[in-house]
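Data first, discussion second: the structure below is written as structure tokens.
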Amino acid sequence: ACTFEISDSYGDGICCGYNGNGSYKVWVDGVEKGIGSEFEFSETVPLCPLIVGETGRIQLSSTIEEGIVAEIAFRKQYINPVVVAFINTRNGDDSVSARVRAISSSGCQLFMQEPDRGSH
Numbered sequence: 336a337c338t339f340e341i342s343d344s345y346g347d348g349i350c351c352g353y354n355g356n357g358s359y360k361v362w363v364d365g366v367e368k369g370i371g372s373e374f375e376f377s378e379t380v381p382l383c384p385l386i387v388g389e390t391g392r393i394q395l396s397s398t399i400e401e402g403i404v405a406e407i408a409f410r411k412q413y414i415n416p417v418v419v420a421f422i423n424t425r426n427g428d429d430s431v432s433a434r435v436r437a438i439s440s441s442g443c444q445l446f447m448q449e450p451d452r453g454s455h
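Okay, so the sequence shown: first residue is 336 according to the working numbering, each after it adds one.
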């Protein structure tokens, strides 16, 4: 779904045959993604980047037990996104875990959670 394909069943593309020379350009959101002219039966232009992903940093003031949840909006839409979250610093000896929930193609929720029992 991330490609543009131009086809010609006659096999001379858009060049040189019936009406002379021609060309095409593919634009996505105002950005030129492909350009071409001579081809035979078909030509394909990739529209998606080969490497996709995002990074970011958030700061949470407390845990989910106190109602603190961060709503994260991705910059792009993803099919089956994978979200990795981790704690960058510790507050003394207090133990806390990074949690992710409500993952969708456009975002997720991040929060910190204290252990259920025991010392922390």
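Using N, Cα and C, we set each Cβ at its ideal position, and we do this for glycine too.
Asked                                                                                                          : Found
As assigned by DSSP and simplified to three states, the class of E375                                          : coil
Residue burial classification, I349 (beta-carbon count within 10 angstroms, cutoff 16)                         : buried
Integer Cβ distance of Q444 from V404, believed to fall under 8 Å                                              : 5 Å
Touching by the beta-carbon criterion (3+ pairs, under 8 Å), the segment 359 to 375 and the segment 336 to 347 : yes
CA-to-CA distance, T390 to S441, given in whole angstroms                                                      : 14 Å
Closest Cα partner of S397 within the set D343, I422 and S358                                                  : I422
Which residues DSSP lists as bridging I407, in chain order                                                     : C443
Residues that DSSP places opposite I341 in a beta bridge                                                       : E378
Y359: first and last residue of the uninterrupted beta strand (DSSP E) it sits in                              : Y359 to V363
Spatial distance of G357 from L395 (CA atoms)                                                                  : 56 Å
Check whether V431 and Q448 have beta carbons under 8 Å apart                                                  : yes
Inter-residue spacing [alpha-carbon to alpha-carbon] between F409 and P450                                     : 28 Å
First through last residue of the beta strand (DSSP E) which encompasses S430                                  : Segment: none, S430 is in no beta strand (DSSP E) and carries neither H nor E.
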